Structures are given as structure tokens and as C-alpha cells.
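Student: I am attaching a structure below and will ask some questions about it afterwards.
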Amino acid sequence: MKVYVDTTRTGPAAHNWRRSLKSSAFAALALMVIAMIPAFAEPEKADSSSNGGKQQLEELSLNDIQDVGILLRHIKQQSINVYEEAARKPVKPEDTADVPVIASIPVKGDDVDFLPARREWLVFFLATMEPVIRDLTKQVKDLQAGVSQIVIPAPLEKEFDPLWDRWSKDVQEMNSHLDQLVPLFDDAPHNNQEIQKVAVKLFDDTTRLEAIRKSVFKVMQQIQQSSPNSKIMISPDAK
1 MKVYVDTTRT GPAAHNWRRS LKSSAFAALA LMVIAMIPAF AEPEKADSSS NGGKQQLEEL
61 SLNDIQDVGI LLRHIKQQSI NVYEEAARKP VKPEDTADVP VIASIPVKGD DVDFLPARRE
121 WLVFFLATME PVIRDLTKQV KDLQAGVSQI VIPAPLEKEF DPLWDRWSKD VQEMNSHLDQ
181 LVPLFDDAPH NNQEIQKVAV KLFDDTTRLE AIRKSVFKVM QQIQQSSPNS KIMISPDAK
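Our numbering puts the first residue of the sequence shown at 1, with every later residue one more than the last.
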């Protein structure tokens, strides 16, 4: 059995994007969205005095891994939304009324003049994405610092060690890209291309993380089929 404990804890300080919110319907809606996501509220600290200070661990299940996929899909969609807002083009008389559906970014041919990016819309998209990224980053840092724990059965260590290394690196990189994005909103109408570039970075981050997640799912699926008693145990706050 192995417990990951790394006392090194680094990472950029979170930018306080809330100071960018305007008194608008978009800002109010963004804050309503935050209030409706209880999963990202600060968890209550469990009383560990009754068990000698040891953390109560829970099994990391396939359901948990699948739920992470939903979060990554949400981040990816918001990165597309941010990109699309910064890539709006002036409509010409000969254009159609069809609004193209963007499934992947960057989009070829977007290196033209753009309509000024609307700060309120960017803040709205950010408000539904930022808590998810910050929460994933906190989980990684807590595991690295030993605040949270994960116990890996010996048969899984060889396959999980490199996956964990890649996951922790890419999550923190995604968090740093979010830090790059937020200050651009201060002068959004003049930062279209820079906003697009960072949105693409976030999109690429989620693509890499999704590949890692699927690898973790596959390994866990195989081990559950071959050795049902081999379970990954993890602190509830890190799930």
C-alpha cells in the first residue's frame, strides 16, 4: 500500500476575479450560479479526535471518476464560450443568420477584425468555470501537501504513479492559465486575441486531463474485475 505525501506546495495565488463583476444582470446571474453549486462550498472539517487524529478514508469509485469527466466537459465548454465571445465578427449584409456551432478551438480564419469582447459575458462564463478549476487545484495541492491522503494498493502503483504525476501537473497548469485569463477582462474590448489564446490553452488542458481520466477509469475498471478487494482509498475532501 502507498500513501502519497509531498510537502512541496506551490502554485499561483488565485486572482480575485470578483472585483471585476459589474452591477448588471449578468453579474447577478453569475453569482446566482455560484450559490447554486454546493459541491464547491468550503467543506466542513471532520472531527478527527475520536479516531486518534487519523483521517477517515472513502473508496474512490468509478462513479467518482465519471463525475470528474462531467466537470472537465463543463470547463471545456466554458473555454469555448470565452473564445467565441472574443472571436465575434462584424456581420456583413451578405451573411446568413446562422450562428455556427463551435465544438473545438481555435477556429481557422478567425484572424480578422473582431467586435469588442463584452466583459459582462466573459465574467459570466468565468463565474461558472472558475470554482471548478480552483476546487480541482485545491484537491491536488492538498494531496501533495499531505492535508488529504490517498492510499493505492500495491498492484496499482506502477500504473497509477505516472497518471497521478501527469494529472497533478496538468491541473495546476490549467489553474495558471485561468490566472492568465482573468486580468485580460479588465480591458476586454482590446484583448480579443489574447483572450482567445488563453481560452485555447484551457481547452487543451481539459483535453489532456480527459485522456488521463479515461486511463484512470480503465485501470480501475480492470482491477475491479480481476481483484474486487483492491480498492483505492481517499480523503472525502479530495474526491
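Don't be surprised by glycine CBs; every beta carbon is placed ideally from N, CA and C. Please read all numbers here as calculations on a predicted model, not as lab measurements.
Pull up the distance between the alpha-carbon of R166 and that of D113, whole angstroms please.
Tutor: Roughly 38 Å between the two C-alpha positions.
Student: Which of the three DSSP states, helix, strand or coil, is assigned to N229?
Tutor: If DSSP states are grouped into helix, strand and coil, N229 belongs with coil.
Student: What's the C-alpha gap between G69 and I75?
Tutor: Distance between the alpha carbons of G69 and I75 is about 10 Å.
Student: What residue range is occupied by the uninterrupted beta strand (DSSP E) comprising I150?
Tutor: Counting along the chain, the beta strand (DSSP E) containing I150 begins and ends at 150-152.
Student: Which of the three DSSP states is assigned to E120 in this structure?
Tutor: Here E120 sits in helix by DSSP.
Student: For E59, write down the residues that DSSP places opposite it in a beta bridge.
Tutor: DSSP, once it has assigned bridges, lists M233 as partnering E59.
Student: Straight-line CA distance for Q222 to L156?
Tutor: C-alpha separation (whole angstroms): 10 Å.
Student: For D179, which of I133, E159, F160, L163 has the nearest alpha-carbon?
Tutor: Looking at the Cα atoms, I133 is the closest of the given residues.
Student: Out of A117, V140, F203, point me to the one whose CA is closest to D187's CA.
Tutor: Per the Cα distances, A117.
Student: Leaving out five residues before and five after N175 in sequence, what residues of the same chain have Cβ atoms less than 6 Å from its Cβ?
Tutor: Excluding positions up to five away in sequence, the list reads I133, T137.
Student: Between the alpha carbons of S227 and P162, how many angstroms are there, rounded?
Tutor: About 21 Å.
Student: For L62, does the count of other Cβ atoms within 10 angstroms reach 16, so buried, or fall short, so exposed?
Tutor: Exposed: under 16 other Cβ atoms inside 10 Å.
Student: Could you give the DSSP three-state label for N191: helix, strand or coil?
Tutor: The answer is coil: DSSP assigns N191 none of H, G, I, E or B.
Student: Reducing DSSP to helix, strand and coil, say where T96 ends up.
Tutor: Coil, per DSSP.
Student: Return helix, strand or coil for P90, following the three-state DSSP convention.
Tutor: In the structure shown, P90 sits in coil (DSSP, three-state: anything other than H, G, I, E or B).
Student: Could you work out which residue in A154, E59, R88 is closest to V99 when comparing CA atoms only?
Tutor: Closest by alpha carbon: R88.
Student: Quick check on the burial criterion: 16 or more other C-beta atoms within 10 angstroms. Buried or exposed for V216?
Tutor: So V216 ends up on the buried side.
Student: Can you tell me whether I65 is helix, strand or coil according to DSSP?
Tutor: Here I65 sits in helix by DSSP.
Student: How many angstroms separate the CA atom of K93 from the CA atom of K108?
Tutor: The sequence given here has Pro at residue 93, not Lys. For P93 and K108, the distance between alpha carbons rounds to 22 Å.
Student: When DSSP labels each residue in this structure, what does F114 get in the three-state scheme?
Tutor: Coil at F114, not helix or strand.
Student: Quick one: residues in its chain with C-beta nearer than 7 Å to the C-beta of R213, no 5 flanking neighbours on either side, listed in chain order?
Tutor: Excluding sequence neighbours, R213 sits near I65, V68, G69, L72.
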